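Colleague: With mature numbering (1 follows the signal peptide of the UniProt record, and there is no 0) as the guide, the letters of the sequence shown map in order to residues -26 to -1, 1 to 480.
Cβ coordinates follow ideal geometry from the N, Cα and C atoms, glycine included.
As the structure is a computational prediction, the values presented were derived from the model and not from experiment.
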Amino acid sequence: MALHILFTWLALSLPLLLLLLLSVKNYNKKNIPPGPPSLPIIGNLHQLGHLPHQSLWKLSKQYGPVMLIRLGVMPTIVVSSPEAAKEVLKTHDLDCCSRPQLVSVGRLSYDYLDMAFAKYDDYWRELRKLYVLELFSAKQVQSFRFVREEEVRSMIKSIAKSAESKSLVNMSEKFMTLTANFTCRVAFGKAIQETEFKEGRFMNMIHEAVAMLGSFSASDFFPRFGWIVDRFTGLHSRLEKSFCNLDVFYQKVIEEHRNANKSNEEEEDIVDLLLKMERDQTELAGVRLKEDNIKAILMDIFLAGVDTGAVVMDWTLAELTKNPRAMQKAQEEIRSCVGNKKWVDEDDLSGLKYLKLVLKETMRLHPPIVLLVPRETMGHFKLFGYDVNPKSRVQVNVWGIGRDPGLWDRAEEFVPERFENSLIDYKGNNFELLPFGAGRRGCPGMSMAMPTIELALANVLHSFDWELPEGMTEEDVSMEEGAGLAVFKKVPLTLLPIKIFHETDA
């Protein structure tokens, strides 16, 4: 709908736009990558479709793994092979480690407040160190083990009630609530029900913010006049409303933490750690950490942490439901490893080899971020002999790489066994599998997300057998994708849980 309105507006404003187009610097055509012909003004926007990662993958089959398209006035390099991804994310990582100032991401991540930092990228390098060494360190991840286990057990108990009443369960919703509660407790020290919001309102606030992050903003492709379109379509007002709701929430959380007296360090959450850094006058890129920067960090953790983990769990259970042989194999492994214990705890996870294969295969087919968050080049460099100029955007099509039949046998099928005796992992060292990205801009929250995902799925498979709603077969399970920052399962996964009795239940 937004694209339709945009094209209508562009047609009406063609004379003005042509003048503006003449002022845009042409991309150096010395030896540019191949790509589809573009239209005046809009470039290749009309070819993106509802699911851009799929449209770009189809185009890359024709134009190659390094392809140039124009999104409005923005030259964009689309990378669709492990070799090209390695060049961008490792060999030329320093040349490609900047981010374009996207309107929705900037507004919801408080980037506009970071203008005090002389060097934007220096700030983000320092921020990554903060994530890796402090907020998501191995010690911190381990310190939140009891929160993970409590939240997973709470979810299992709620599913058990549905099993007793033989009621269907919307597992997509359960996984989203789990990750939201866990992220809230880790970041803010409170679960959803302990906030001033009702759970439904809180989840609606999350869904709206995530939708805004994945939205189409004309300003991202037409920086000089796109804001007019954003106001006309209502995107600007929705973005402001979402920002204001989250800002009020974060402000209350910060004030509560400032007024609290915590004597035990083990009770500290991420807000406590950040406020301690503020008191200690910690600097990022030479500038003291302030309240606005704390809000920016919380926004990044919260919005990134809630959606992506839930999406991975949802796709995993959906794939297992469609593939009963893999479901049975995973359940047999878990139940054999855990025995008659009521719960799977984190000490058991290291023995669940097949579950780890299942997760790799799920993230190959359904990476949480199908097109890695765009990068922006900082200088000129050569990519497979092609010229890449400064201020070009770079997108890595992780979804396309994961489904390339030249890389994977039976590429469209769910076959966890393909990773047996394979050294390929998802941690950013193997460019065939990049669900969390790689290099300086790789996802620092991976170490926090994966234990939660593994623990939740292990308990879901240990405690219940799963049946489809009456009249449905495995072939009826929809795997249609919904567009967003994290590509989600468009039709929620609804299943009937059958409680498995363990000796410790007695």
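State yes or no: is the C-beta of residue 349 within less than 9 Å of the C-beta of residue 29?
Modeller: For residue 349 and residue 29, no; Cβs fall outside 9 Å.
Colleague: Label residue 399 either buried or exposed according to how many other C-beta atoms from any shown protein chain fall within 10 Å of its C-beta, with 16 as the threshold for buried.
Modeller: Its Cβ having fewer than 16 others within 10 Å, residue 399 is exposed.
Colleague: Rounded to whole angstroms, what is the Cα-Cα separation between residue 113 and residue 119?
Modeller: If you take the alpha carbons of residue 113 and residue 119, they lie about 10 Å apart.
Colleague: Buried or exposed: which applies to residue 338, given that a residue is buried once 16 or more other Cβ atoms fall within 10 Å of its Cβ?
Modeller: So residue 338 ends up on the buried side.
Colleague: List the residues that DSSP assigns as beta-bridge partners of residue 72.
Modeller: DSSP output for residue 72 lists 350 as bridge partner(s).
Colleague: Which partner residues does residue 475 have in the DSSP bridge list?
Modeller: Paired residues: none, contrary to the question.
Colleague: Under the rule that 16 or more other beta-carbon atoms within 10 Å means buried, what is residue 423, buried or exposed?
Modeller: Classification for residue 423: buried.
Colleague: Report the rounded CA-to-CA distance for residue 435 versus residue 441, giving the unit in angstroms.
Modeller: About 12 Å.
Colleague: Can you give me the Cβ contacts of residue 130 inside the same chain, cut-off strictly under 6 Å, excluding the 5 residues immediately before and after it?
Modeller: Same-chain partners within the cutoff: 433 and 437.
Colleague: Are the stretch 267 to 276 and the stretch 184 to 194 touching, with three or more C-beta to C-beta distances below 8 Å?
Modeller: No: the two stretches stay apart, fewer than three of their Cβ pairs being nearer than 8 Å.
Colleague: Check whether the Cβ atoms of residue 492 and residue 51 lie closer than 9 Å to each other.
Modeller: In the structure displayed, the chain extends from -26 to 480; residue 492 sits before or after that span and is not available.
Colleague: Using only the alpha-carbon positions, how far apart do residue 427 and residue 323 sit?
Modeller: Looking at the two C-alpha atoms, the distance is approximately 11 Å.
Colleague: Under a three-way DSSP split, which group does residue 395 fall into?
Modeller: Three-state result, residue 395: coil.
Colleague: Buried or exposed for residue 341, going by 16 or more other Cβ atoms inside 10 Å?
Modeller: It is buried - the Cβ of residue 341 has at least 16 other Cβ atoms within 10 Å.
Colleague: Of all the options 206, 213 and 198, which has the alpha carbon lying nearest to the alpha carbon of residue 182?
Modeller: Among 206, 213 and 198, the Cα nearest to that of residue 182 is on 213.
Colleague: Closest by CA to residue 19, which one among 454, 127 and 42?
Modeller: With distances taken between Cα atoms, residue 19 lies closest to 42.
Colleague: Is residue 481 buried or exposed, if buried means 16 or more other CB atoms sit within 10 Å of its CB?
Modeller: This structure cannot speak to residue 481, because the chain is shown only from -26 to 480.
Colleague: In angstroms, rounded to a whole number, what distance separates the CA positions of residue 209 and residue 411?
Modeller: Going by the C-alpha atoms only, they are around 28 Å apart.
Colleague: Where does residue 400 fall in DSSP's three states?
Modeller: Reduced to three states, the DSSP call for residue 400 is coil.
Colleague: From the DSSP output, in three-state form, read off residue 462 for me.
Modeller: DSSP places residue 462 in strand when its eight states are reduced to three.
Colleague: For residue 256, name the three-state secondary structure that DSSP assigns.
Modeller: Of the three classes helix, strand and coil, the one that applies to residue 256 here is coil, per DSSP.
Colleague: At the level of alpha carbons, what is the spacing between residue 311 and residue 148?
Modeller: So the two alpha carbons sit approximately 25 Å from each other.
Colleague: What are the residues that DSSP puts in a beta bridge with residue 51?
Modeller: Residue 51 is bridged to 42 and 368.
Colleague: Bridge partners for residue 455 per DSSP, in chain order?
Modeller: In the DSSP output, where bridge partners are listed per residue, residue 455 has 463.
Colleague: Given a cut-off of 9 Å on the beta-carbon distance, is the pair residue 37 and residue 9 in contact?
Modeller: Yes, Cβ-Cβ distance for residue 37 and residue 9 is below 9 Å.
Colleague: Alpha carbon to alpha carbon, how far is residue 439 from residue 223? Give it in angstroms, no decimals.
Modeller: If you take the alpha carbons of residue 223 and residue 439, they lie about 39 Å apart.
Colleague: Starting from residue 288, trace the alpha helix (DSSP H) in both directions and tell me its first and last residue.
Modeller: Run containing residue 288: 265 to 296, per the alpha helix (DSSP H) assignment.
Colleague: Which term fits residue 281, buried or exposed, when burial requires 16 or more other beta carbons within 10 angstroms of its beta carbon?
Modeller: Residue 281 is buried by the Cβ-count criterion.
Colleague: For residue 5 and residue 455, I'd like the C-alpha separation in whole angstroms.
Modeller: For residue 5 and residue 455, the distance between alpha carbons rounds to 36 Å.
Colleague: Can you find the residues in the same chain that come closer than 6 Å, C-beta to C-beta, to residue 420, ignoring five residues on each side of it along the sequence?
Modeller: These residues qualify, in order along the chain: 410.
Colleague: Can you grab the Cα-Cα spacing for the pair residue 61 / residue 383, in whole Å?
Modeller: Straight-line Cα distance between these residues: approximately 24 Å.
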